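Q: Have a look at this one.
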Amino acid sequence: MPATIGDVNIWATTQNGKKVYGEENIDLGRYNGARILEKVYLNPPNIKAYKKTVDAIKGAHLLIAGPGDLFSTVLPVLIVPQVKKALKESQALKIFVVNIANKPFETAGYKVSNYLKTLKYHLDNDIFDTILINNNQKPQIPPKLNYKYVEYDEENLQEYKENIVKGDFINNNYPIYHDSGKIAQVIVNLTK
1239 MPATIGDVNI
1249 WATTQNGKKV
1259 YGEENIDLGR
1269 YNGARILEKV
1279 YLNPPNIKAY
1289 KKTVDAIKGA
1299 HLLIAGPGDL
1309 FSTVLPVLIV
1319 PQVKKALKES
1329 QALKIFVVNI
1339 ANKPFETAGY
1349 KVSNYLKTLK
1359 YHLDNDIFDT
1369 ILINNNQKPQ
1379 IPPKLNYKYV
1389 EYDEENLQEY
1399 KENIVKGDFI
1409 NNNYPIYHDS
1419 GKIAQVIVNL
1429 TK
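Here it is in C-alpha cells:
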C-alpha cells in the first residue's frame, strides 16, 4: 500500500549542504559535490497519509522496512507524518533490514551504524525492535557496479547489540541483493 496518494515530491540535502530535488535525481546520483546524502524531505511536508496504510500499520503484528535505497525509497515512506506516528505507536514487531551493499552515491561509505543513526534522525527515535544485518561478504561484487558491502561496525553498535540479528542473507547469484528465502526464514523464526 502507498504511504500517501497525495501529490508529493521528495528532496534531499547532501553532507555539504547541496539540495537535490526529485526521486530520480536522488536515486541516480544526478548532482554535483558530495555524493553522500544526509537528510530527505517531503514537499509538502505535511502530506496526508493514505488511511488504509495507517490502519494496516495500526493493526499489524509485524512491520518490516528495507531493504532498499535509504533516501529515495525507504525514508520517504517512513517520514509521511501519519505513517511515522503510527509506526511509533505500533506494538508490532518492527524489523529493519539493512542493505547488503551501498550505492556509489546516496549512501557511499555508510556502515550499519550510519543506517541506524539516519533512521533515528528521521524518525526521532529508535523504533525498530530487530535489525537484520548480512555478515557474508565473500562473494565478489562486480567492480563495474561500483557498489561496496555495508560494513558491520560492531564497535559503534553497542546500544543495538540486543536488537541485531546477523546472518548470511546474500543472494549468491547477485551479491548486492538479499536472498528473499533466507530473510523470510529468519523473520518466520523471529515471529515464533
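Take 1239 as the starting number for the sequence shown in my numbering and just add one per residue. Glycine included, C-beta positions come from ideal geometry on N, C-alpha and C. This one's a predicted model, so the numbers in the text were calculated from it and none came from an experiment.
Which full runs of the alpha helix (DSSP H) of 4+ residues lie inside the region 1330-1376, going along the chain?
A: The qualifying runs are 1350-1361.
Q: Taking 7 Å as the threshold (C-beta atoms), are valine 1335 and tyrosine 1390 in contact?
A: Here residue 1390 refers to the residue found at position 152 of the sequence shown. Here residue 1335 refers to the residue found at position 97 of the sequence shown. No, they are not a contact pair.
Q: Beta-carbon within less than 6 Å of phenylalanine 1366's beta-carbon, same chain only, minus the 5 sequence neighbours each way: which residues are those?
A: Here residue 1366 refers to the residue found at position 128 when the sequence shown is read from its first residue. Around phenylalanine 1366: Lys1332 and Phe1334.
Q: To the nearest whole angstrom, what separates the beta carbons of asparagine 1352 and aspartate 1406, a pair I think is in contact under 8 Å?
A: Stepping through the sequence shown from its first residue, residue 1352 is reached at position 114. Stepping through the sequence shown from its first residue, residue 1406 is reached at position 168. That belief does not hold up - the Cβ atoms of asparagine 1352 and aspartate 1406 are roughly 22 Å apart, past 8 Å.
Q: Determine the closest residue to lysine 1326 out of Leu1301, Lys1355 and Ile1285, with distance taken between C-alpha atoms.
A: Here the question's residue 1326 lines up with position 88 in the sequence shown. Of the listed residues, the one whose Cα sits closest to lysine 1326 is Leu1301.
Q: Return yes when the Cβ of glycine 1244 is within less than 7 Å of the Cβ of lysine 1296, no when it is not.
A: Here residue 1296 is taken as the residue at index 58 of the sequence shown, counted from 1. Here residue 1244 is taken as the residue at index 6 of the sequence shown, counted from 1. Contact flag unset, no.
Q: Pick helix, strand or coil for threonine 1251, following the three-state DSSP scheme.
A: Locating residue 1251 in the sequence shown gives position 13, where the first residue counts as 1. Strand.
Q: Below 7 Å CB to CB, which residues in the same chain sit around alanine 1324 once its five sequence neighbours on both sides are set aside?
A: Sequence index remark: in the sequence shown, residue 1324 carries index 86 (1-based). The answer, listed in chain order, is Val1292, Ile1295 and Lys1296.
Q: Given proline 1413, which residues of its chain have a CB within under 6 Å of its CB, disregarding the five upstream and five downstream residues?
A: Here residue 1413 corresponds to residue number 175 of the sequence shown, with the count starting at 1. The residues are Pro1377 and Ile1379.
Q: Can you name the residues that DSSP bridges to leucine 1300?
A: On the sequence shown, residue 1300 is found 62 positions in, with the first residue counted as 1. DSSP, once it has assigned bridges, lists Leu1331 as partnering leucine 1300.
Q: Leaving out the 5 sequence neighbours to the left and right, which residues in its chain are closer than 7 Å to isoleucine 1402 when beta-carbon positions are compared?
A: As a first step, residue 1402 must be located in the sequence shown, where it is residue number 164. Hits under 7 Å: Ile1369, Ile1371 and Leu1395.
Q: State yes or no: is the C-beta of glutamate 1261 within less than 7 Å of the C-beta of isoleucine 1248?
A: As a working note, residue 1261 is residue 23 in the sequence shown. As a working note, residue 1248 is residue 10 in the sequence shown. Cβ distance < 7 Å, so glutamate 1261 and isoleucine 1248 count as in contact.
Q: If contacts are defined as beta-carbon pairs under 8 Å, then alanine 1346 and valine 1388 qualify, I think. What distance do you get, rounded to the angstrom?
A: By 1-based counting over the sequence shown, the position of residue 1346 is 108. By 1-based counting over the sequence shown, the position of residue 1388 is 150. Incorrect: roughly 11 Å between the Cβ atoms, too far for contact.
Q: Given threonine 1252, which residues of its chain have a CB within under 8 Å of its CB, disregarding the five upstream and five downstream residues?
A: For the purposes of this step, residue 1252 is identified with residue 14 of the sequence shown, where counting begins at 1. Counting only Cβ-Cβ distances below 8 Å, and skipping sequence neighbours, we find Val1258, Tyr1269, Gly1271, Ala1272, Arg1273, Ile1274, Leu1275 and Glu1276.
Q: Rounded to whole angstroms, what's the CA-CA distance from isoleucine 1421 to alanine 1250? Just pull it up for me.
A: Looking up residue 1421 in the sequence shown gives position 183. Looking up residue 1250 in the sequence shown gives position 12. C-alpha separation (whole angstroms): 30 Å.
Q: Could you check where the alpha helix (DSSP H) with valine 1426 kicks off and where it finishes?
A: The residue labelled residue 1426 in the question sits at position 188 within the sequence shown. Here the alpha helix (DSSP H) through valine 1426 covers 1418-1428.
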